[in-house]
Amino acid sequence: MRRSSICSMAAGCRYPALRLKLRASLAQAALRGHTDTMPDMPELILECGDWRAQVVPQGGLLGALDHRGVAVMRPMTAGATSPLEAACFPMVPWCNRIANARFMWENTATWLARNFMPERHAIHGHGWQSEWSVAELDQGTCMMTHSHDGAAPGWPWAYVAKQTIRLSDAGCTVTLALTNLSERLMPAGIGLHPYLRRRPESRVAFRSGPIVAVGADMIPSGAHMPPNHFADFAADGGAALPQNGIVIDHCYTGWHGAALVTDNSGTITLQAEGAGHLHLYAPEDPSILCLEPVNHLPDAANTGGMPLIAPGETESLSLRIGVL
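Okay, so the sequence shown: first residue is 1257 according to the working numbering, each after it adds one.
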């Protein structure tokens, strides 16, 4: 696949190389009745010292993150067009699922698009399936924006989301901010959905409160489970992920904001701000491990606890990814 360099700057951490690369166009495809694939588009490569990141503005995606040539996150493969194949995508203006793609607000039903068919719920917001515009690009930083018109279908509030991906000697920091542009209070949340490197020997460590129990439809049941229900991730050295077909797709409340993933290549560190909960997704697929910082619980729009943003106000969340 031919790629052409559009611009570059001197290499190094202070003035990292910035290479905007174009890829040949690929056809869009449909995912079970809804397009979750994206038209092929420019890739932005950021470099700073030992760190290298790939950014794909369509979907606001982090396509890859490497440290000294070793993948820290699951890389987006050449030719991939689905945001679900990215290293990380933003969740805005809500995280996880809203049951039956519907919630009540001010005595009025708000209907959302069922955006992951055949699932009947609305999932992960709009950002991951929308185009983002590059607003800033310099010295290892890419800042992208995504806007929504409140008159458009699917969300009756106007907003603008800003996502900044910044490399430094310490690693990669992703900051997501959401501003309410409407003239009334907006219930909305944000989060990040990183796919971290997962290997057979991987061990995960973090501290939290109880786990939100869910039913077969992945909507909270109203019950809670102890934080060591699947594994004792708070133990010294963390814990291995469960085997034998056990799938974790659960939100851990009261997260302390830090997590570690350790394997034979070293330790990946995560430090979040503005995220009170951690959603852990570890399916049977041995290549997938997601530790998602979020600022609300699944289906909070229906069950309560959804953050409320006043007109003109902003909520933000950040995640710093490093290595030891």
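By construction, the Cβ of each residue, glycine as well, lies at the ideal position given by its N, Cα and C atoms.
Excluding the five sequence neighbours on either side, which residues of its own chain have a C-beta within less than 7 Å of the C-beta of GLU1457, listed in chain order? To locate residue 1457, count along the sequence shown from 1; it is residue 201. Closer than 7 Å at Cβ, skipping near neighbours: ASP1519, ASN1520.
Is it buried or exposed, ASP1555, if we count other Cβ atoms within 10 angstroms and call 16 or more buried? On the sequence shown, residue 1555 is found 299 positions in, with the first residue counted as 1. So ASP1555 counts as buried.
Would you kindly check if the distance between the Cβ of MET1399 and the Cβ of PRO1313 is under 7 Å? Position 57 of the sequence shown, counted from the first residue, corresponds to residue 1313. Position 143 of the sequence shown, counted from the first residue, corresponds to residue 1399. It is not a contact, given that the beta carbons lie outside the stated cut-off.
If you draw a straight line from the alpha carbon of GLU1299 to that of GLN1310, how long is it in whole angstroms? For this step, residue 1299 is matched to residue 43 along the sequence shown. For this step, residue 1310 is matched to residue 54 along the sequence shown. Between GLU1299 and GLN1310, the C-alpha separation is close to 7 Å.
To the nearest angstrom, how far is it from the Cα of ASN1558 to the Cα of ARG1324? For the purposes of this step, residue 1558 is identified with residue 302 of the sequence shown, where counting begins at 1. For the purposes of this step, residue 1324 is identified with residue 68 of the sequence shown, where counting begins at 1. If I take the Cα positions, the gap works out to 45 Å.
Taking the straight line between their C-alpha atoms, what separation do you get for LEU1526 and GLY1578? Mapped onto the sequence shown, residue 1526 falls at position 270. Mapped onto the sequence shown, residue 1578 falls at position 322. Going from the Cα of LEU1526 to the Cα of GLY1578 covers about 7 Å.
How close, in whole Å, do the beta carbons of TRP1388 and GLY1316 come, if the pair is a contact with beta carbons under 8 Å? Working through the sequence shown from its first residue, we reach residue 1388 at position 132. Working through the sequence shown from its first residue, we reach residue 1316 at position 60. So it is a contact: roughly 4 Å between Cβ atoms.
Contact belief for LEU1423 with MET1329 at Cβ below 8 Å, rounded distance in angstroms: Taking the first residue of the sequence shown as position 1, residue 1423 is located at position 167. Taking the first residue of the sequence shown as position 1, residue 1329 is located at position 73. Wrong, their Cβ atoms sit about 13 Å apart, outside the cutoff.
DSSP three-state label for LEU1432, please. Position 176 of the sequence shown holds residue 1432. Looking at LEU1432 - three-state DSSP - the assignment turns out to be strand.
With which residues is MET1360 paired in a DSSP beta bridge? Here the question's residue 1360 lines up with position 104 in the sequence shown. ALA1365, per the DSSP bridge assignment.
So, is ALA1496 buried or exposed, given that buried needs 16 or more other C-beta atoms within 10 angstroms? Indexing the sequence shown from 1 puts residue 1496 at position 240. It is exposed - the Cβ of ALA1496 has fewer than 16 other Cβ atoms within 10 Å.
C-alpha gap between GLU1392 and VAL1517, whole angstroms: Translated into the one-based positions of the sequence shown, residue 1392 becomes position 136. Translated into the one-based positions of the sequence shown, residue 1517 becomes position 261. Cα to Cα, GLU1392 sits roughly 31 Å from VAL1517.
Would you mind working out which of GLY1445, ARG1358, GLY1406, VAL1468 sits nearest SER1438, comparing C-alpha positions? Start at 1 with the first residue of the sequence shown, and residue 1438 comes out as number 182. Checked all of GLY1445, ARG1358, GLY1406, VAL1468; the closest Cα to SER1438 is GLY1406.
One question on the structure: do MET1373 and TRP1413 come within less than 7 Å of each other, judged by their Cβ atoms? For this step, residue 1373 is matched to residue 117 along the sequence shown. For this step, residue 1413 is matched to residue 157 along the sequence shown. It is not a contact, given that the beta carbons lie outside the stated cut-off.
In chain order, what residues of the same chain lie with their CB nearer than 6 Å to the CB of VAL1568, ignoring the 5 residues before and after it? Position 312 of the sequence shown holds residue 1568. Before going further, note that residue 1568 is Gly rather than Val in the sequence given. Closer than 6 Å at Cβ, skipping near neighbours: no residue.
Helix, strand or coil: how does DSSP classify SER1260 here? Counted from its first residue, the sequence shown places residue 1260 at position 4. For SER1260, the predicted structure reports a pLDDT of 26, less than 50, and the residue's modelled location is therefore unreliable. The matter cannot be settled from this model.
Can you tell me the Cα-Cα spacing of TRP1367 and ASP1541, whole angstroms? Position 111 of the sequence shown, counted from the first residue, corresponds to residue 1367. Position 285 of the sequence shown, counted from the first residue, corresponds to residue 1541. If I take the Cα positions, the gap works out to 32 Å.
Could you tell me the alpha carbon to alpha carbon distance between HIS1480 and TRP1511, rounded to whole angstroms? The residue labelled residue 1480 in the question sits at position 224 within the sequence shown. The residue labelled residue 1511 in the question sits at position 255 within the sequence shown. Cα to Cα, the separation comes out at about 15 Å.
As a quick exercise: from GLY1493, HIS1382, GLN1499, LEU1547, pick the residue whose alpha carbon is nearest that of CYS1507. Within the sequence shown, residue 1507 is the residue found at index 251, counting from 1. Per the Cα distances, LEU1547.
Report whether the distance from the Cβ of MET1562 to the nearest heavy atom of the ligand ZN is below 6 Å. What this structure holds is no ligand at all, so the ligand ZN is not there to describe.
Extract the residue ranges of the beta strand (DSSP E) inside the segment 1498-1575, only unbroken runs of 3 or more that lie entirely within it. 1504-1508, 1514-1519, 1522-1529, 1533-1538, 1546-1550
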